[in-house]
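Please read the structure below before turning to the comments.
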């Protein structure tokens, strides 16, 4: 019979407590593989649904596969996975993801651009989002990026708070930047002139 | 004077690209913020994995403006980004024509070349940011069908800088 004691936690136990909380949440983060493409599309659609834009997702699994796992990847993904016994209500084990790519600032060089970032509702509160962001920070630093950029909708106050707690600055507010788009129709108009 | 040539940038263009980046930054009163070096531009743009692409506008010797002696007089820097709903996009990062060479349609031709590149690469659209104070640029783009997504959809650009990235990666 194992020799153990039970005692009240002390301040020195804090890092062990956090470690055990994470074990309870029990998830791993890993680089996405071609087999993850259907889960990635599912999570993209779930996030779009949250933004009430689900029908706007026209991307297919085939495109995600070609564009992410071909000779020249146009995006990278980190996925959060839980063991089978912790699967979601519908039976999914891939429960969160972040999609990112590298951009270039002509003043300071490489940046990591965070494009999509989502954890399934039933898996929130376990630190998965924080771990993902931490992993992305490491990736950015390793790749010699000067910073991480991303856009957030101005009404999304909970996301804005999440990022501000981690030191994010609102460049639209500070520097007046606005995002513009020239869509396919207008691009074609220009090419035919 | 309308004789100019648009072409893909080559490693030898790196000093001119940096010069034009600094000129554009100067116009935005931010010249001292340009930390990038020719070495960075060379490695990042012409190595195994290019992090950016450039279109260059140059003029032949006999058509150069007497005030400047440069042959490279304009550029656009772009790269490909990815929208999880629609796929590939062309992202226009920097776009500048030297003052003495404006009004000859060089900017329009650059944008047309980029549109062509976007369509050939099966991009769904072109994205870029513009400072809200930059009325001249906003009009230039709106004339070509650009829409303000910040206004329409409320998007705001955020940044987590290196200091804060290091803080996060060091956290337990």
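Chains as they are written, first to last, in our numbering: chain A, 14 to 206; chain B, 1317 to 1488.
For every residue, glycine included, the Cβ atom is placed at its ideal position computed from N, Cα and C.
Residue burial classification, residue i (beta-carbon count within 10 angstroms, cutoff 16)
| i | result |
| --- | --- |
| residue 102 of chain A | exposed |
| residue 185 of chain A | buried |
| residue 191 of chain A | buried |
| residue 112 of chain A | buried |
| residue 1316 of chain B | Examination of residue 1316 of chain B is not possible in this model, given that chain B is present from 1317 through 1488 alone. |
| residue 21 of chain A | exposed |
| residue 43 of chain A | exposed |
| residue 1415 of chain B | exposed |
| residue 198 of chain A | exposed |
| residue 1466 of chain B | buried |
| residue 1400 of chain B | buried |
| residue 80 of chain A | buried |
| residue 1462 of chain B | buried |
| residue 1332 of chain B | buried |
| residue 1393 of chain B | buried |
| residue 1346 of chain B | exposed |
| residue 147 of chain A | buried |
| residue 210 of chain A | Because chain A here runs from 14 to 206, residue 210 of chain A falls outside it and cannot be looked at. |
| residue 174 of chain A | exposed |
| residue 32 of chain A | exposed |
| residue 128 of chain A | buried |
Contacts of residue i in chain A (Cβ-Cβ under 7 Å)
| i | result |
| --- | --- |
| residue 1409 of chain B | 117 and 119 |
| residue 1480 of chain B | 179 and 180 |
| residue 1413 of chain B | Simply none; closest approach about 15 Å. |
| residue 1464 of chain B | 191 and 193 |
| residue 1387 of chain B | Per Cβ cutoff of 7 Å: no residues; residue 1387 of chain B is ~20 Å from chain A at best. |
| residue 1351 of chain B | 120 and 121 |
| residue 1460 of chain B | 195, 199 and 203 |
| residue 1470 of chain B | 166, 167 and 168 |
| residue 1432 of chain B | 204 |
CA-to-CA distance, residue j to residue i, given in whole angstroms
| i | j | result |
| --- | --- | --- |
| residue 1470 of chain B | residue 167 of chain A | 5 Å |
| residue 196 of chain A | residue 1391 of chain B | 22 Å |
| residue 95 of chain A | residue 104 of chain A | 11 Å |
| residue 1344 of chain B | residue 1450 of chain B | 10 Å |
| residue 1366 of chain B | residue 142 of chain A | 30 Å |
| residue 1429 of chain B | residue 1322 of chain B | 8 Å |
| residue 124 of chain A | residue 39 of chain A | 31 Å |
| residue 1419 of chain B | residue 1438 of chain B | 31 Å |
| residue 1374 of chain B | residue 1353 of chain B | 22 Å |
| residue 1482 of chain B | residue 1421 of chain B | 45 Å |
| residue 1405 of chain B | residue 1434 of chain B | 7 Å |
| residue 65 of chain A | residue 1402 of chain B | 16 Å |
| residue 69 of chain A | residue 122 of chain A | 32 Å |
| residue 71 of chain A | residue 77 of chain A | 11 Å |
| residue 1361 of chain B | residue 144 of chain A | 31 Å |
| residue 1395 of chain B | residue 200 of chain A | 16 Å |
| residue 171 of chain A | residue 1478 of chain B | 23 Å |
Proximal residues of chain B, C-beta to C-beta of residue i below 8 Å
| i | result |
| --- | --- |
| residue 123 of chain A | 1360 and 1367 |
| residue 39 of chain A | Within chain B, no residue comes near residue 39 of chain A; the closest Cβ sits about 18 Å away, beyond 8 Å. |
| residue 146 of chain A | 1484 |
| residue 57 of chain A | 1400 and 1401 |
Chain-ordered chain A contacts of residue i [CB-CB under 8 Å]
| i | result |
| --- | --- |
| residue 1322 of chain B | Those do not exist, as residue 1322 of chain B stays about 14 Å from chain A at its closest Cβ, beyond 8 Å. |
| residue 1452 of chain B | Going along chain A, no residue has its Cβ under 8 Å from residue 1452 of chain B, so there is no contact; the nearest lies around 14 Å. |
| residue 1417 of chain B | Within chain A, no residue comes near residue 1417 of chain B; the closest Cβ sits about 19 Å away, beyond 8 Å. |
| residue 1356 of chain B | 122 |
Residue i: contacting residues in chain B (beta-carbon distance under 7 Å)
| i | result |
| --- | --- |
| residue 108 of chain A | Simply none; closest approach about 17 Å. |
| residue 159 of chain A | 1478 |
| residue 150 of chain A | 1481, 1484 and 1485 |
| residue 184 of chain A | 1473, 1474 and 1475 |
| residue 19 of chain A | The contacting residues do not exist; residue 19 of chain A stays about 25 Å from chain B at best. |
| residue 23 of chain A | Per Cβ cutoff of 7 Å: no residues; residue 23 of chain A is ~17 Å from chain B at best. |
| residue 61 of chain A | 1401 |
| residue 153 of chain A | 1481 |
Contact list for residue i against chain B, beta-carbon separation under 9 Å
| i | result |
| --- | --- |
| residue 16 of chain A | Neighbours of residue 16 of chain A on chain B: none; closest Cβ ~29 Å, over 9 Å. |
| residue 270 of chain A | Residue 270 of chain A lies beyond the range of chain A shown here (14 to 206); nothing can be said about it. |
| residue 112 of chain A | 1398 and 1400 |
| residue 128 of chain A | 1397, 1398, 1399 and 1400 |
Partners in chain A for residue i, counting only beta-carbon separations shorter than 9 Å
| i | result |
| --- | --- |
| residue 1390 of chain B | Those do not exist, as residue 1390 of chain B stays about 14 Å from chain A at its closest Cβ, beyond 9 Å. |
beta-carbon residue i near the ligand MG non-hydrogen atom, thresh 7 Å
| i | result |
| --- | --- |
| residue 163 of chain A | This structure simply doesn't include the ligand MG, nor any ligand for that matter. |
- Query: Counting pairs of Cβ atoms below 8 Å between the segment 1329-1343 of chain B and the segment 47-62 of chain A, do you hit three or more?
  - Reply: no
- Query: Does the segment 1441-1448 of chain B touch the segment 154-168 of chain A, meaning 3 or more C-beta pairs lie closer than 8 Å?
  - Reply: no
- Three-pair Cβ contact test at 8 Å for the segment 1453-1471 of chain B versus the segment 125-136 of chain A: no
- Between the segment 79-92 of chain A and chain B, which residues of the former have a C-beta closer than 7 Å to a C-beta of the latter? 80, 87 and 88
- Could you please tell me which residues of the segment 1335-1349 of chain B, in chain order, have their CB closer than 7 Å to any CB of chain A? 1337, 1341 and 1349
- Three-pair Cβ contact test at 8 Å for the segment 1402-1410 of chain B versus the segment 113-126 of chain A: yes
- Would you check if there are 3 or more beta carbon pairs closer than 8 Å linking the segment 198-205 of chain A to the segment 167-181 of chain A? no
- Of the residues that make up the segment 1434-1447 of chain B, which ones have a beta carbon closer than 7 Å to any beta carbon in chain A? 1434, 1435, 1440, 1441, 1442, 1443, 1444, 1445, 1446 and 1447
- Query: Given a limit of 8 Å on CB to CB distance, which residues of the segment 1394-1407 of chain B reach chain A?
  - Reply: 1395, 1396, 1397, 1398, 1399, 1400, 1401, 1402, 1403, 1404 and 1407
- Item | Contact between the segment 22-29 of chain A and the segment 46-57 of chain A (3+ Cβ pairs under 8 Å) | no
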